[in-house]
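Engineer: Once you've had a glance at the structure underneath, I'll fire off some questions.
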Amino acid sequence: MRRANHESSRRALRRRVRGLLHPRYDVEDELMLSEIERAELEEIRRAFHRIDDGSYGLCERCGHPVDETLLSSVPWARFCRRCDSQLADTAIGVSR
2 MRRANHESSR RALRRRVRGL LHPRYDVEDE LMLSEIERAE LEEIRRAFHR
52 IDDGSYGLCE RCGHPVDETL LSSVPWARFC RRCDSQLADT AIGVSR
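Sequential numbering of the sequence shown, starting at 2, is according to the numbering used here.
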């Protein structure tokens, strides 16, 4: 089951890359991307690496599984919802 989910995620990542880049992609295309698109492309590259090394779908912070619903909508998600929320709170200076 998990293997099938990884293939689904891989397809979703490829679709997003195609959305960012022209079908005949080259280095110049990447130079024309906005800062946000470049950051997203880097996250996608990292997600492919996590699929290859077997860590895809696991939170980079705590190691718990990342929610399948989150991965369906953001296939490059690196953190579970709890850790993502904690990191966001830290970034804006909220303490709990």
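Yeah, the Cβ is synthetic: ideal placement off N, Cα and C, and Gly gets one too.
#1: Suppose the cutoff is 8 Å on Cβ atoms and the five residues either side in sequence are ignored; what does the same chain contact list for Pro66 look like?
#2: By a C-beta neighbour count over all protein chains shown, 10 Å radius and 16 as the cutoff for buried, is Ala78 buried or exposed?
#3: Closer than 6 Å by C-beta to Arg51: which residues in its own chain qualify, once you throw out the five before and the five after it? Chain order, please.
#4: Among Glu36, Ser74, Glu69, whose alpha-carbon lies nearest the alpha-carbon of Arg126?
#5: Mind checking Ser35: buried by the 16 CB within 10 Å criterion, or exposed?
#6: Between the C-alpha atoms of Cys84 and Glu69, what's the straight-line distance to the nearest angstrom?
#7: Would you tell me roughly how many angstroms separate the C-alpha atoms of Arg62 and Glu38, rounded to the nearest one?
Structural biologist: Straight from the coordinates:
#1: Here the set comprises Gly58, Leu59, Cys60, Cys81.
#2: By the C-beta density criterion, Ala78 is buried, having at least 16 other C-beta atoms within 10 angstroms.
#3: Tyr57
#4: Limits of the chain in this structure are 2 at one end and 97 at the other, which puts residue 126 out of reach.
#5: exposed
#6: 15 Å
#7: CA-to-CA, the gap between Arg62 and Glu38 works out to about 24 Å.
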